[in-house]
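If you're matching positions, the sequence shown starts at -14 in my numbering and goes up one per residue. Backbone N, C-alpha and C fix where the C-beta goes; we use that ideal spot for every residue, glycine too. As the structure is a prediction and not an experimental result, all values here were calculated from the model. Report on the structure given below.
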Amino acid sequence: MFVQSIDISRFRNLEDMHLEFAPGFNVFYGDNAQGKSNLLEAVYVLAFLKGFRADRIPDMIRFDQERAQLSAVVCDGNAQTRLGMELTGRVRHAYIDGVPCNSVRSYLGILRAILFVPMDVGFMQAPPANRRSALDRMVFNLHPSYLVDLDQYQKVCKQKSAVLRSDAPDHALLDAYDEQLLKYGERIIRFRYDYFNLMAPHICRVFASIFDDSLRCLPVYKCSQMRSEIVFGAGNSASCDDLVGVWRDYIRTSRDREIARQQILAGPHRDDWSLNLDGRQAKLFASQGQQRAMSLALKLAEIDCLKSEAGVEPVFLLDDVSSELDPVRNRKLFEHLNRITVQTFLTTTSKQHLSIDCVNRLFMVKSGSITCDA
Ligand SMILES: Nc1ncnc2c1ncn2[C@@H]1O[C@H](COP(=O)(O)OP(=O)(O)OP(=O)(O)O)[C@@H](O)[C@H]1O
Ligand SMILES: [Mg+2]
């Protein structure tokens, strides 16, 4: 899959423009604050219907303007789709081949993208809610139907929370919501469990080949109702049925506590995950450089996993990565990127950071204008 072209109008600081991209490497270079990340965000918005810096639509419309428009031609095999987006005030309108699309589910998944921004480096120190959304997006990228269960689960969570906060919680209603939570929550846990099982060898291999082949980097899932955590790829201590079983028991025995605290105390909406390095929690023991490498390995593993498990070649949006790595690892990263052959949009402040055999298209970004050098 690749983005063949994009049309931009009144989006952030970018000038109105039409750009044609190469199916391989597209590099955007320029000084700070010129519009490089804004260009990546334009592609991201077309993929996910939201920006990666703020969820507020008005922030993405050029200052002092009322509406922004984006559209892109996405090629996937022989199929070509034109995705369109109009941002006005607080509302966004999406279009597929010029036809308004009101269903988020039928829109998402047409353009599959994986984003790495410098902020991702700190994902292990971020609040659990941020990690959960990142995980949900990863699972969704592989299994778009995951969103259906997630939506349903979140809806029931809201309804049950409202009952828990009421003056006299209705037990029959809570029973009914618990059944629903278990139904959708079990699917979510299975999706996540299977996902980490699939991802574990990819993460481990990518980390070893680019960053350090003497250390094992593996994903870890932490259920809110269990003391222990599950390390994937290391002979799992608990099966998915175990996780669901413990949660089911917890729900049955925690009604009084949930009423007293007026909140749902356990479930996939409170679970967490992270990465381990050689059996230790990376969050506590890994160096900054190692955490950086692990966050990047995770993204690269996600690409590998999508390709091998679903035959999907996502577009890779890589914002300013070279400044994060030492020269040896930077070279190995580019060797890896050369091998994986997915369309890549890469931004950098200096062309010196690039060690790519063939940049297919080089763009200079200056004061919101983007010109193609080669
Ligand atoms: N809605 C908006 N309207 C106009 N300009 C905006 C808007 N939102 C952000 N900007 C401006 O766009 C400029 C470019 O931002 P961007 O993040 O794309 O820079 P960059 O080239 O990625 O820089 P860096 O190398 O520092 O990451 C910034 O000066 C920012 O203030
Ligand atoms: Mg930037």
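Exercise. Below 8 Å on the Cβ atoms is my guess for Asp304 versus Val102; work out the distance and round it to an integer in Å.
Key: Taking the first residue of the sequence shown as 1, we reach residue 304 at position 319. Taking the first residue of the sequence shown as 1, we reach residue 102 at position 117. Confirmed, about 4 Å.
Practice problem: List in chain order the residues whose CB is within less than 7 Å of at least one heavy atom of ligand 2. | Solution: Those residues, listed in chain order, are Lys21, Ser22, Asp304, Asp305 and Thr332.
Exercise. Let me know if Thr238 comes out buried or exposed under the rule of 16 or more other beta-carbons within 10 Å of its beta-carbon.
Key: Your numbering for residue 238 matches position 253 in the sequence shown. Thr238 is exposed by the Cβ-count criterion.
Quiz item: At a cut of 8 Å, does the segment 139 to 154 reach the segment 87 to 103 through at least three beta carbon pairs?
Solution: no
Self-check item: Top-ranked residue by Cα proximity to Gly218, from Asp234, Pro186, Arg212 and Asp40
Solution: Counting from 1 along the sequence shown, the entry for residue 218 is found at position 233. Comparing Cα positions, the closest option is Pro186.
Quiz item: Closest by CA to Phe(-13), which one among Glu5, Phe192, Ile(-7) and Arg77?
Solution: Stepping through the sequence shown from its first residue, residue -13 is reached at position 2. Residue Glu5 is the option with its Cα nearest to Phe(-13).
Quiz item: Going by other Cβ atoms of all chains shown within 10 Å of its Cβ, with 16 needed for buried, is Ser22 buried or exposed?
Solution: Residue numbering aside, residue 22 sits at position 37 when the sequence shown is read from its first letter. Counting of Cβ neighbours within 10 angstroms places Ser22 among the buried residues, the total reaching 16 or more.
Practice problem: Tell me, please, which residues DSSP counts as bridged to Asp3. | Solution: Stepping through the sequence shown from its first residue, residue 3 is reached at position 18. In the sequence as displayed, the identity of residue 3 is His instead of Asp. His3 is bridged to Asp(-8).
Quiz item: Is any heavy atom of ligand 1 found at a distance shorter than 7 Å from the C-beta of Asn(-2)?
Solution: Taking the first residue of the sequence shown as 1, we reach residue -2 at position 13. Result yes, Cβ under 7 Å from ligand 1.
Self-check item: Counterpart residues of Ile355 in DSSP-defined beta bridges
Solution: The residue labelled residue 355 in the question sits at position 370 within the sequence shown. According to DSSP, which records beta bridges pairwise, Ile355 is partnered with Val350.
Practice problem: To the nearest angstrom, report how far apart Gly353 and Phe301 are at their CA atoms. | Solution: Your numbering for residue 353 matches position 368 in the sequence shown. Your numbering for residue 301 matches position 316 in the sequence shown. C-alpha separation (whole angstroms): 22 Å.
Practice problem: State yes or no: is the C-beta of Met45 nearer than 7 Å to some heavy atom of ligand 1? | Solution: As a first step, residue 45 is located in the sequence shown; it is residue number 60 there, counting from the start. Because some heavy atom of ligand 1 lies under 7 Å away, the Cβ of Met45 counts as near it: yes.
Quiz item: Near Lys292, what residues of its chain come up, given a Cβ to Cβ distance below 7 Å and the 5 sequence neighbours on each side ignored?
Solution: Within the sequence shown, numbered from 1, the residue matching residue 292 stands at position 307. Contacts found: Glu298.
Quiz item: Nearest-angstrom Cα distance between Leu318 and Leu100?
Solution: Sequence index remark: in the sequence shown, residue 318 carries index 333 (1-based). Sequence index remark: in the sequence shown, residue 100 carries index 115 (1-based). If you take the alpha carbons of Leu318 and Leu100, they lie about 15 Å apart.
Quiz item: What's the gap between the Cα of Phe37 and the Cα of Cys202?
Solution: Locating residue 37 in the sequence shown gives position 52, counting from the first residue. Locating residue 202 in the sequence shown gives position 217, counting from the first residue. Rounded to whole angstroms, Phe37 to Cys202 spans 26 Å at the Cα level.
Exercise. May I ask you to check if the CB of Phe48 is nearer than 7 Å to at least one heavy atom of ligand 1?
Key: By 1-based counting over the sequence shown, the position of residue 48 is 63. At a cut-off of 7 Å, the beta-carbon of Phe48 counts as near ligand 1: some heavy atom of the ligand is closer than that.
Self-check item: Gly15 CB to nearest heavy atom of ligand 1 below 7 Å
Solution: Reading the sequence shown from its first residue, position 30 is the one you call residue 15. It does: the Cβ of Gly15 is within 7 Å (strictly closer) of some heavy atom of ligand 1.
Quiz prompt | Three CB pairs or more closer than 8 Å across the segment 67 to 84 and the segment 48 to 55 | solution = yes
Quiz item: Curious, which full-length alpha helix (DSSP H) runs of at least 4 residues does the segment 129 to 207 contain?
Solution: 131 to 150 and 156 to 195
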